[in-house]
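In the numbering used here, the protein residues as written are 1254 to 1550.
Glycine included, every Cβ here is placed at the ideal spot set by N, Cα and C.
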Amino acid sequence: MNAFFIIGPTASGKSAVAQHIAEREGQLIVSADSMNIYRGMDIGTAKPTPADRKNANYAGFDLAEPTEKFSVAAYLDAVRPSFESGREIIVAGGTGLYVKCLTEGFDEVPPADSRLRNELEALDFQALETRAKTEAAALYETLTEDDRQNPRRLIRILEKGGLANTKWNSRPKPRLVGLHVERAVLLERIEKRVDQMYAAGLLDEAEALSRLELSETAMQAIGYAEAFAVLHREMTLEEAKERTVIRTRQLAKRQMTWFRNQLNVEWIDTAGFQSLEKLAEAVSNAWKETGSTPVVI
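What follows is the structure, given as structure tokens:
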């Protein structure tokens, strides 16, 4: 099983490039975005539009209800049939852990160790933070700023730390293709995307979701948490937009840190291309040089 990967931070344009290539050449696009798995969370996660889905085939979307917990293992199980279908695949996304598991393999996390849990729960926050940064550095990079202040989150990644640090260290890192966007341009795109999300009806989507018992991940999702705050009169619309831009910018920074530290990426600087067509051509040419990547699931 092989696939062509295109990765990059949120709002880098990877989805548009994948869509353009797939429309022209007929590949199946598999999403590697951890928020695209939730049904009913469409606008805030920037899923492909219905028109896009008519023009290209997709997998990796709408795999779970937003009330459910969802794991990396469940994602791999859900997308495995796509890779076994014999079709040519484009993997597009910004969730580094998904990409790493697809390209370097995934081992089930062992059952919780009660002694380790008791040991970790006895530590103060500073000690937990230090251990998380050193013993589970890869998983620590995936946490949001809020999660990094949550002792329970730190304990969970420490319990999974061996997966990120020992089992992957000896595995080869395949060469992937990624899109790099200048910081100022990326910020402008993020601000524009947030405005578009609200114009497209994010508050209506959030209102429908607020009637459900959402999972912790769905409740805190970027864009939705702020929209919920508007609905509950805890933020003004402008405050929510500003906060969403800040959190999205922080996410993009974390994504780039992960890609640079955990993956082997050939970066294409998008500043050199004035059209989507030319950028897509550059990605296709890069794939010809790197070849397709084996998928390990």
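query: Leu1547 - partner residues in DSSP beta bridges; result: Correcting the residue type first, residue 1547 is Pro in the shown sequence and not Leu. In DSSP, Pro1547 forms a bridge with Asn1255.
query: Beta-carbon proximity list for Gly1415, same chain, < 6 Å, skipping 5 on both sides; result: Low per-residue confidence applies at Gly1415: pLDDT is 49, beneath 50, and the placement is therefore not dependable, though the value from the model is reported in the following sentence. For Gly1415, where only same-chain residues beyond five positions count, there are no Cβ hits under 6 Å.
query: CB of Ala1389 within 8 Å of CB of Ile1410, strictly; result: yes
query: Euclidean distance between Cα positions of Pro1262 and Arg1513; result: 11 Å
query: Which of helix, strand or coil DSSP assigns to Ser1284; result: strand
query: Span separating the alpha-carbon of Gly1297 from that of Ile1290; result: 12 Å
query: Beta carbon of Glu1460 nearer than 8 Å to that of Leu1490; result: no
query: Boundaries of the beta strand (DSSP E) in which Ala1312 is found, first to last residue; result: 1310-1312
query: Contact under 8 Å by Cβ, Ile1521 with Val1434; result: no
query: Nearest to Ala1474 (by Cα), restricted to the options Lys1413, Val1518, Ala1533, Glu1398; result: Glu1398
query: Residues that His1433 bridges to, as DSSP identifies them; result: Asp1522
query: Three-pair Cβ contact test at 8 Å for the region 1267-1286 versus the region 1440-1455; result: no
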